[in-house]
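Visitor: Numbering (UniProt numbering), first residue to last: 1 to 269.
Where a beta carbon is used, it is the ideal one built from N, C-alpha and C, also for glycine.
What follows is a structure written as structure tokens; I'll ask about it next.
See below:
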């Protein structure tokens, strides 16, 4: 990921940054400032690694996952040209990742430790790895990082296989013992069939809070080892309605599909 950000900076610089070129060789001291009232900072390790590639010394006052108040978060020292060509890219990384980490932390606090908060694969193209790391910094679960992490059988799989039972049985023929099978269920009947077929995880999709808790309770009573996940229809405003002792995980696509930047700036001293 550090390589990717470095490449972006080099593409942004292109031939050279004409506005900054006359400043090459000038020593520069600067600060990174959080302008929002508070945020969970994310991107520290990546930005520090990027700065190192450009012989910039970045001294962060906080580590990834810390709750930060408005004000200085880092001191930057190095060649003025290098700092200026890196400025926007490193601020974008901090703003983007901190936005996700902050959102996740708020959801985790609302869940009050009773359920796990997870992301989904609804990531912004080409930024998925940054987003999933930010989810971790916010205290959430990354869910699948790629398709091979878990065999997730969704509605289109079920249509093509013909049934949940056949889908699970066919997938089991090729699945490593180290992997789990998850089935997306749109009804309680589908969830029960998934459990009977040997699914490790059942995802209740687009259930109301009352339906979700009722279905999760039935599943846990009959199949206590099955992990129950809720997804679809859950958002930051109604998540507390889905918190239930029978539900293990709540996954929310909006964690990564909707991002409102946290405001950082770089100011030369």
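Start and end of the beta strand (DSSP E) containing residue 29?
Guide: In the DSSP annotation of this structure, the continuous segment of the beta strand (DSSP E) that includes residue 29 starts and ends at 27 to 40.
Visitor: Have a look at residue 94 and residue 17 and give me their C-alpha separation to the nearest angstrom.
Guide: 22 Å
Visitor: Would you report the Cα separation of residue 244 and residue 212, rounded to the nearest angstrom?
Guide: Approximately 9 Å between the Cα atoms of the pair.
Visitor: Distance, Cα to Cα, residue 163 vs residue 249?
Guide: 25 Å
Visitor: Considering residue 84, what are the terminal residues of the beta strand (DSSP E) in which it resides?
Guide: First-last for residue 84: 80 to 111, but that is the alpha helix (DSSP H), not the beta strand (DSSP E).
Visitor: What first and last residue would you give for the alpha helix (DSSP H) that runs through residue 5?
Guide: 2 to 13
Visitor: Cβ atoms of residue 139 and residue 105: under 7 Å apart, would you say?
Guide: yes
Visitor: Tell me, please, whether the stretch 208 to 227 touches the stretch 57 to 77 by the rule of three or more beta-carbon pairs shorter than 8 Å.
Guide: The stretch 208 to 227 is not in contact with the stretch 57 to 77.
Visitor: Grab the span of the alpha helix (DSSP H) containing residue 52 for me, first residue to last.
Guide: Where residue 52 is concerned, the enclosing alpha helix (DSSP H) stretches over 44 to 53.
Visitor: Under the three-state reduction of DSSP, which class applies to residue 139: helix, strand or coil?
Guide: coil
Visitor: With a Cβ-Cβ cutoff of 7 Å, do residue 119 and residue 255 count as a contact?
Guide: yes
Visitor: Looking at the strands, I want to know which residues DSSP matches up with residue 72.
Guide: 33
Visitor: Can you name, in chain order, every residue of its own chain whose Cβ lies under 7 Å from the Cβ of residue 190, other than the five neighbours on each side?
Guide: 164
Visitor: Let's see if you can read the secondary structure: which residues bound the beta strand (DSSP E) around residue 159?
Guide: First-last for residue 159: 155 to 161, but that is the alpha helix (DSSP H), not the beta strand (DSSP E).
Visitor: Over the uninterrupted alpha helix (DSSP H) stretch that includes residue 170, give me the two end residues.
Guide: Where residue 170 is concerned, the enclosing alpha helix (DSSP H) stretches over 164 to 172.
Visitor: Pick helix, strand or coil for residue 230, following the three-state DSSP scheme.
Guide: strand
Visitor: With DSSP as the reference, please indicate the residues paired to residue 201 in a beta bridge.
Guide: 182, 227
Visitor: Can you tell me whether residue 264 is buried or exposed? The criterion is at least 16 other CB atoms within 10 Å of its CB, across all chains shown.
Guide: Buried is the call here.
Visitor: Do three or more CB pairs link the stretch 119 to 139 to the stretch 39 to 46 at distances below 8 Å?
Guide: Yes: the two stretches touch, three or more of their Cβ pairs being nearer than 8 Å.
Visitor: Which whole-angstrom value is the C-beta distance of residue 168 and residue 199, which I expect to be below 8 Å?
Guide: Distance from residue 168 to residue 199 at the Cβ level is roughly 6 Å; contact confirmed, criterion being Cβ atoms closer than 8 Å.
Visitor: Helix, strand or coil for residue 119 per DSSP?
Guide: It is coil, neither helix nor strand.
Visitor: In three-state terms, what does DSSP make of residue 239?
Guide: Under the three-state reduction of DSSP output, residue 239 falls in the helix class.
Visitor: Could you give the residue range of the beta strand (DSSP E) that holds residue 267?
Guide: 264 to 268
Visitor: By the three-class DSSP mapping on this structure, what secondary structure does residue 59 have?
Guide: Here residue 59 sits in strand by DSSP.
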